[in-house]
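Numbering-wise (the numbering used here), the sequence shown opens with residue 53 and increments by one. This report concerns only the one structure given below.
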Amino acid sequence: MSAPRPETAGTPAGTTDALLRRARELDAADPLASYRGHFIGTDTELSYLDGNSLGRPLKRTVTDISGFIQDSWGGRLIRGWDEEWLELPQAIGDQLGRAVLGAAPGQTVIADSTTVVLYKLIRAALAAVTDPVRTEIVLDTDNFPTDRYLVEGIAREEGLTLRWIDADPSSGVTVEQVRAATGPATAVVVLSQVAYRSGFLADLPGITAAVHDAGGLVVWDLCHSAGSVEIALDTADVDFAAGCTYKYLNGGPGSPAFAYVNARHLAGLQQPIWGWMGRKDAFEMGPGYEAAAGIRGFLSGTPAIFGMLAMRGTLDLIEEVGMAAVREKSCLLTAFAVELHDAWLAPAGVELSTPRNPELRGSHITVDHPAFREMTAALWEQDVIPDFRAPQGIRIGLSPLGTSFTELYRGVAAIRERLEEGRSGQDQDRPFRQD
Ligand SMILES: *Cc1c(COP(=O)(O)O)cnc(C)c1O
């Protein structure tokens with residue numbers, strides 16, 4: 053697969069100006085450009101390329117949160133639970149389902165952290181598998197650490213076998229690999245829709261169908277896809293899904309996760325953390341545990357109301373513009389990032405570790421170079437903020453509603469300058485490339 057060559061490549065004198073012009077043209081043609089102004093800090097020169105790890109706050113979050121403290125918490129006090137708060141995990145879950153997940157109401161709830169939600173969902177999925185010969189959990193070698201550790205722990209708890217898919221770190225898990233790894237012994241398959249490292253976008257409908265053909269259930273991790281790619285959980289007949297709300301949904305550091313349980317599995321849902329909030333008639337405080345009906349039975353303890361307020365601003369914006377427009381801008385942003393890489397970084401020995409076809413990636417790209425570990429700290433110092441992923445990757449995360457093409461241009465220009473400095477400074481002592 054070869055990328056369309058940027059028209060500016062190979063003309064060193066004109067490259068910078070031509071690419072800057074192009075960034076400005078892309079901004080001028082961007083139908084979502086005005087949405088950048090909704091975010092705090094976008095009127096500065098800072099280049100934020102890590103909205104896939106922690107989204108920027110919206111300006112309205114300041115008033116949403118202070119209004120909540122003043123009027124709701126401060127004014128209604130304990131009455132707030134009955135009047136509104138107890139319903140918020142489901143109300144915001146339904147909005148998220150509608151705006152982002154392609155999920156009908158009553159299947160999505162805001163709760164816990166992604167790690168805890170995944171634990172509960174994987175255990176619930178295993179409990180829904182009744183055939184005793186289904187003893188394998190399928191996972192991949194390149195999934196996010198928490199996902200791998202959880203599955204390893206659950207396999208030990210339940211006496212199950214792990215079946216690993218060896219994922220290509222610069223792309224990701226394919227339908228063919230899933231077909232090969234699943235069969236009569238498969239209980240549950242746990243995968244991420246967008247690979248946290250390479251940005252590879254897995255074929256969620258295709259893989260879900262493959263898992264079902266093998267008689268298993270699937271748990272999808274949507275951390276890097278919720279709010280960046282179009283998702284249709286109901287249409288794909290996904291069984292279970294979980295994800296973060298502090299990445300593309302801008303819920304703020306540590307904002308609670310979401311859980312999706314297909315209505316088909318809700319009736320007999322058995323999740324492992326039996327708390328009073330997930331019990332039928334919670335305030336009866338009666339003896340023994342009996343799960344509440346529907347998605348409410350997925351809850352365990354007191355919901356983190358404070359932490360789920362900020363994400364509503366982003367859900368409102370997404371409902372306004374639609375995920376199709378968000379995805380379209382995301383593809384243009386990652387394509388421009390690849391173009392900048394080809395023109396500036398590849399000649400300096402950097403490698404692209406993300407698929408070149410926009411349909412096969414989410415909203416970030418990863419570029420690799422041995423100097424990146426040290427360089428990232430220097431970039432942060434100068435207000436250029438991507439993130440580093442071991443062993444030698446810089447991830448350039450492009451949150452579609454808040455990131456501009458010139459902001460991306462500035463960020464990659466800074467990486468190029470650092471590489472050039474490193475080269476001239478290091479000629480004498482040690483070679484820059486270690487290949
Ligand atoms: C960010 C991320 C997580 C984080 O889980 P927490 O419980 O919020 O720390 C989990 N899985 C994936 C794939 C992620 O990208």
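Glycine is no exception: its CB is placed at the ideal position from the N, C-alpha and C atoms.
Do residue i and residue j have their CB atoms nearer than 8 angstroms?
i    : j    : result
S451 : S415 : yes
D273 : L243 : yes
V230 : V263 : yes
A362 : G304 : yes
A180 : L269 : yes
R108 : D194 : no
A266 : G235 : yes
P83  : A465 : no
A387 : P410 : yes
I217 : P308 : no
A90  : L384 : The identity of residue 90 in the sequence shown is His, whereas the question assumes Ala. Against a cut-off of 8 angstroms, the Cβ pair of L384 and H90 comes out as no contact.
L471 : A395 : no
R379 : L253 : no
L140 : I357 : yes
G505 : S99  : In the structure as shown, the chain starts at 53 and stops at 487, and residue 505 therefore has no counterpart that could be examined.
L153 : I283 : yes
I437 : L101 : yes
So residue i and residue j are in contact, right, with Cβ under 8 angstroms, and what is the actual spacing, rounded?
i    : j    : result
L202 : I174 : 7 angstroms
S352 : M329 : 6 angstroms
I144 : M360 : 6 angstroms
G365 : R112 : 5 angstroms
I417 : A442 : Incorrect: roughly 17 angstroms between the Cβ atoms, too far for contact.
I347 : V313 : 6 angstroms
S165 : K299 : Their Cβ separation, rounded to whole angstroms, is 13 angstroms, which puts S165 and K299 out of contact at 8 angstroms.
T187 : A239 : 6 angstroms
Measure from the alpha carbon of residue i to the alpha carbon of each residue in the options, then state which is nearest.
i    : options                : result
A294 : G132, G330, L148, L369 : L148
I448 : D289, I467, L110       : I467
T96  : E459, V464, R470, L471 : E459
A177 : I206, P221, C383       : I206
S86  : T455, I162, L471, S277 : T455
A261 : H276, V246, T226, D79  : T226
I287 : T297, A70, A155        : Per the sequence presented here, residue 287 reads as Thr, with Ile not at that position. Selected option, being the one with the closest Cα: A155.
A345 : M337, D333, Y171, P339 : D333
L191 : G463, A284, L214, L106 : L214
Y171 : V114, E135, L318, A311 : A311
D146 : L431, A315, T160       : T160
Q444 : T354, H421, I189, T167 : H421
S382 : Q323, L285, D134, L453 : L453
D220 : E210, G251, A239       : G251
E403 : S222, G127, A81        : S222
D183 : Q122, L212, A237       : A237
G327 : A315, G349, I117       : G349
F196 : Q245, V185, T297, G211 : Q245
On the DSSP bridge list, what partners appear for residue i?
i    : result
F440 : I446
L191 : W216
T418 : R447
L404 : V419
I162 : F310
R413 : F252
A293 : W272, Y312
V246 : L253
Is the closest heavy atom of ligand 2 to the C-beta of residue i under 7 angstroms?
i    : result
D199 : With respect to ligand 2, the structure offers nothing, as its ligand set consists of ligand 1.
Counting only beta-carbon atoms, is residue i nearer than 8 angstroms to chain B?
i    : result
Y201 : Within the model displayed, chain B is absent; a lone protein chain is all it includes.
Just to confirm the assignment: which complete beta strand (DSSP E) runs, minimum length 3, are found wholly within the stretch 253-291? Counting whole runs of 3 or more residues, the stretch 253-291 contains the beta strand (DSSP E) stretches 269-273.
Ignoring anything shorter than 4 residues or poking outside the stretch 70-126, list the alpha helix (DSSP H) runs there in chain order. 111-119
Ignoring anything shorter than 4 residues or poking outside the stretch 201-244, list the alpha helix (DSSP H) runs there in chain order. 227-233
Residue ranges of each alpha helix (DSSP H) run of no fewer than 4 residues wholly in the stretch 306-356, ordered along the chain? 315-318
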